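These protein sequence lines map, in sequence, to chains A and B.
Using the working numbering, you'd call the opening residue of the first sequence number 29 and step up by one each time.
Using the working numbering, you'd call the opening residue of the second sequence number 2 and step up by one each time.
Every residue, glycine too, gets a C-beta built ideally from N, C-alpha and C.
Being a predicted model, the structure only gives us computed values, none of them experimental.
Notes to accompany the following structure.
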Amino acid sequence: MRVDLLRVADLRCHVVGELRPVAGVTAIVGPNGSGKTSLLEAVHLGINGTGLRPTADSRMIRDGADELGVRIEGEAGGAPTMTRVRLTKGSRTIELDGVQVDGRTLRERWAAVVFIPDVLDLVKRGPSVRRVAMDRAIEGAWPRFEEHERAYRQTMEQRNAVLRRVRRREGTEDELDPWDRQLADHGALITEARERLIERLAPFFQERVELLGSPHAGDLRYEPSLPGDGAALLQALRERRREDIERQTTGIGPHLDDLVVELGGRDARRSASQGEQRTLVLAFLLAQAALVHETRGETPLLLLDDVLSELDRDRRTRLVELGRQHGQVLLTATGADGVDDLADLVHALEVRA
Amino acid sequence: MLPPSAEALVRELTRLPGVGRRSAQRLAVHLLRVPEGDALQLATAIETARARIRPCPECYGFAEDGLCPICRDTRREDNVICVVEAPQDVDPIERSGAFRGRYHVLGGALSPLDGVDPEDLTISQLVQRVERGGIDEVIVATNPTMTGEATAAYIAGLLREHTRITRLASGLPVGGDLEFADEVTLGRALEGRRSIDA
């Protein structure tokens, strides 16, 4: 897939803006505060329906404007495609080739893999960020997965509400039965999807850690809260019922899974340096892009915000080279990061403040 | 900008399900333009319905003057009860013509998160109906949603000892295309498959 044209109106600092990326690597270059990242956000909004960060998307609307608009022209699913997304304080309208659609339909057509500096501590932070990373990767490769995720989350909230009720002695334990069963069903689907993900992602990851110039081998290992199928989870939920009532929260299931990132055979959480962490995160994202290509037959867009600044010249070149082989890449850079020395690999577009 | 009393009307209409601000304005303007008698007919209808409609003491569906028409009908089968979430769920089943038994309206589905617990529904009344005897089957026709499924499982747990419990099958829509079915529907349809009789 490929974006040929981006048009934005009233997005952050941009009253109107236009970007024409090339098929390979496009660098959006400009000083801090010139709105480089906003342009990446606009591309993401146009092909995914949401911004880059978990904060409210309506914050992207330019101060003083009521509505922001994004229009993207390009190619996806082997055919010319045009999408428009309009956002007001309370509404989001998505159009795909002139037809109004929901976010999922848009994401079934397009795909993007995103790097923002916030994900740099993926390896070292708590397990929740790695669970989110796994689930985003699953959604990219198998877009329908988001329904199971939502169902699991909602069912668990219902179960936790019953736990609180039983603890207050307003309800009886048997009220947990129906929720346990559904939670086990949805939970087993998530465990299975994450197992399948890591099984297929790990070889790509190993390869990319090496290609990014790491002297140590990298690997991924899924660490489920409870391995096994729905029956095993149901039994476990029943066995720890007393404890869950006491603590008023569900103490087992995929919402407590983790992903272990290894470097040189050791858990990178403890041993990896800043630079090594950066390599591991980038390898994870590039592996994700490779998996999307494998499952969907198309290369997703790589959107990389401020990725070059901390990398030495050799790694910068390796990353850009890998990205270019992979497909279309949009990255942001301040002039000082030295996209100049990558001039033959990168098409630079300047943003003026 | 509407005068205050018209604005109040719009606000009330906005509180109806599925009515946004714009439709509410259109309805309000309509009500203000038609002859006064026509508009007041709506007010009277609301008033009368609210005054006269009561839950049926047997099935908890809508009833006027004691039992609802279905509970009153002596030609219906007494040994089967179809359990639904809301009074309006009775209508589509009736129109199918495939069911001749009795109903039981729960008044919603279990959703502890929203404060809907077993005692907020007519579940204990259903258990009493079954315990009185003569019921050979309870068909649980709650919606195939998370809360509907949980409600079905909870009811089944309570009644399993007393009678046969069945759940409406879920599967492919008649006249639908396999290609457009979602995985969950298709999965359920596969689970509930049956052999083709000669």
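Cβ-based burial, A/N60 [other Cβ within 10 Å; buried from 16]:
Residue 60 of chain A sits at position 32 when you count from the first residue of the first sequence. By the Cβ-count criterion, A/N60 is exposed, with fewer than 16 other Cβ atoms from all chains shown falling within 10 Å of its own Cβ.
Tell me, please, which residues DSSP counts as bridged to B/C83.
As a working note, residue 83 of chain B is residue 82 in the second sequence. Answer is B/Y104, B/I140, bridged to B/C83.
Pair within 8 Å by beta-carbon distance, B/I94 and B/I124:
Indexing the second sequence from 1 puts residue 94 of chain B at position 93. Indexing the second sequence from 1 puts residue 124 of chain B at position 123. One thing to note: B/I94 has its Cβ no nearer than 8 Å to the Cβ of B/I124.
Which residue spans inside the segment 92-152 of chain A form an unbroken beta strand (DSSP E) run of at least 3?
Entirely contained in the segment 92-152 of chain A, the beta strand (DSSP E) runs reaching 3 residues are, in chain order, 95-104, 107-116, 120-124, 127-129, 140-143.
Only counting the same chain, and skipping five residues up and downstream in sequence, which positions put a Cβ closer than 8 Å to that of B/A40?
The residue given as residue 40 of chain B occupies position 39 in the second sequence. L32, L33.
For A/A165, does the count of other Cβ atoms within 10 angstroms reach 16, so buried, or fall short, so exposed?
For the purposes of this step, residue 165 of chain A is taken as residue 137 along the first sequence, with counting starting at 1. A/A165 comes out buried.
C-beta atoms of B/L107 and B/V85 nearer than 8 Å:
Walking along the second sequence from the start, residue 107 of chain B turns up at place 106. Walking along the second sequence from the start, residue 85 of chain B turns up at place 84. Taking 8 Å as the Cβ cut-off, B/L107 and B/V85 qualify as a contacting pair.
Residues that B/E184 contacts on chain A, provided the C-beta gap is smaller than 8 Å:
Walking along the second sequence from the start, residue 184 of chain B turns up at place 183. Within 8 Å Cβ-Cβ: R172.
For A/E326, which of helix, strand or coil comes out of DSSP?
In the first sequence, residue 326 of chain A corresponds to position 298, counting from 1. The DSSP-derived three-state label of A/E326 is coil.
Just mark B/M2 as buried or exposed, buried being the case when its beta carbon has 16 or more other beta carbons within 10 Å.
Residue numbering aside, residue 2 of chain B sits at position 1 when the second sequence is read from its first letter. By the neighbour-count rule (16 or more Cβ atoms within 10 Å), B/M2 is not buried but exposed.
Against A/P206, what residues of chain B qualify as contacts under a CB-to-CB distance less than 8 Å, listed in chain order?
For this step, residue 206 of chain A is matched to residue 178 along the first sequence. Result: L111, E150, A151, T152, A153, A154, Y155, G158.
Would you call the CB atoms of A/G246 and A/E290 closer than 8 Å?
Taking the first sequence and counting its residues from 1, the one referred to as residue 246 of chain A is at position 218. Taking the first sequence and counting its residues from 1, the one referred to as residue 290 of chain A is at position 262. Going by beta carbons, A/G246 and A/E290 fall inside the 8 Å limit.
Proximal residues of chain A, C-beta to C-beta of B/D118 below 7 Å:
Here residue 118 of chain B refers to the residue found at position 117 when the second sequence is read from its first residue. Residues of chain A passing the Cβ test: R193, G199.
Could you list which residues in chain B have their beta carbon closer than 7 Å to that of A/A189, in chain order?
On the first sequence, residue 189 of chain A is found 161 positions in, with the first residue counted as 1. Think of a sphere of 7 Å around the beta carbon of A/A189: the chain B residues whose beta carbon falls inside it are P113, L114, in chain order.
Contact with chain B by A/T183, beta-carbon distance below 8 Å:
Start at 1 with the first residue of the first sequence, and residue 183 of chain A comes out as number 155. Answer yes: the Cβ-Cβ gap between A/T183 and chain B drops below 8 Å somewhere.
Enumerate in chain order the residues of its own chain whose CB-to-CB distance from A/V288 is below 7 Å, with the five nearest sequence positions on each side excluded.
Here residue 288 of chain A corresponds to residue number 260 of the first sequence, with the count starting at 1. Sequence-distant partners of A/V288 (beyond 5 residues in either direction) whose C-beta falls short of 7 Å from its own C-beta, in its chain, are R249, E251, D295.
Determine the closest residue to A/G106 out of A/T360, A/L310, A/L332, A/E326, with distance taken between C-alpha atoms.
The residue given as residue 106 of chain A occupies position 78 in the first sequence. Looking at the Cα atoms, A/E326 is the closest of the given residues.
Within the 8 Å Cβ cut-off, does B/A147 reach chain A?
The count along the second sequence starts at 1 and reaches residue 147 of chain B at position 146. The sequence shown places Met at residue 147 of chain B, not Ala. Yes, B/M147 lies at the interface with chain A (some Cβ there is under 8 Å from its Cβ).
Roughly how many whole angstroms lie between the Cα atoms of A/A139 and A/R196?
Within the first sequence, the letter at position 111 stands for residue 139 of chain A. Within the first sequence, the letter at position 168 stands for residue 196 of chain A. In this structure, the CA atom of A/A139 is about 46 Å from the CA atom of A/R196.
Spell out whether any CB of chain B is found under 8 Å from the CB atom of A/E235.
Walking along the first sequence from the start, residue 235 of chain A turns up at place 207. No, because no Cβ of chain B sits closer than 8 Å to the Cβ of A/E235.
Under 8 Å Cβ-Cβ, which residues of chain B neighbour A/A179?
The residue labelled residue 179 of chain A in the question sits at position 151 within the first sequence. Chain B residues near A/A179: M147.
Along the alpha helix (DSSP H) that carries A/E267, what are the first and last residues, could you check?
Against the first sequence, residue 267 of chain A aligns to sequence position 239. Looking at the DSSP string, the run of the alpha helix (DSSP H) that includes A/E267 is 258-267.
Count the other C-beta atoms from every protein chain shown that fall within 10 angstroms of the C-beta of A/V53, then say buried if there are 16 or more, exposed otherwise.
The residue labelled residue 53 of chain A in the question sits at position 25 within the first sequence. Under a 10 Å Cβ-count criterion, A/V53 is classified as buried, with 16 or more other Cβ atoms of the shown protein chains found around its own Cβ.
Who does B/P56 pair with in a DSSP beta bridge?
Reading the second sequence from its first residue, position 55 is the one you call residue 56 of chain B. DSSP lists B/F63 as partners of B/P56.
Under the three-state reduction of DSSP, which class applies to A/S382: helix, strand or coil?
In the structure as shown, chain A begins at 29 and stops at 381. Residue 382 of chain A is therefore absent and cannot be evaluated.
What would DSSP say about A/D342, mapped onto helix, strand or coil?
Position 314 of the first sequence, counted from the start, is the residue given in the question as residue 342 of chain A. In the three-state reduction of the DSSP assignment, A/D342 falls in the helix class.
Is it buried or exposed, A/V320, if we count other Cβ atoms within 10 angstroms and call 16 or more buried?
Here residue 320 of chain A refers to the residue found at position 292 when the first sequence is read from its first residue. Buried, since its Cβ has 16 or more Cβ neighbours within 10 Å.
Could you check whether the segment 199-210 of chain A touches the segment 350-361 of chain A, counting it as contact only if at least three pairs of C-beta atoms, one from each stretch, sit closer than 8 Å?
When C-beta atoms of the segment 199-210 of chain A are compared with those of the segment 350-361 of chain A, fewer than three pairs fall below 8 Å, so the two segments do not count as touching.
Those residues which DSSP pairs with B/I166 across a bridge
Counting from 1 along the second sequence, the entry for residue 166 of chain B is found at position 165. According to DSSP, B/I166 bridges with B/V139.
Does the CB of A/D272 have a neighbour CB from chain B at under 8 Å?
Locating residue 272 of chain A in the first sequence gives position 244, counting from the first residue. By this cut-off, A/D272 is not an interface position.
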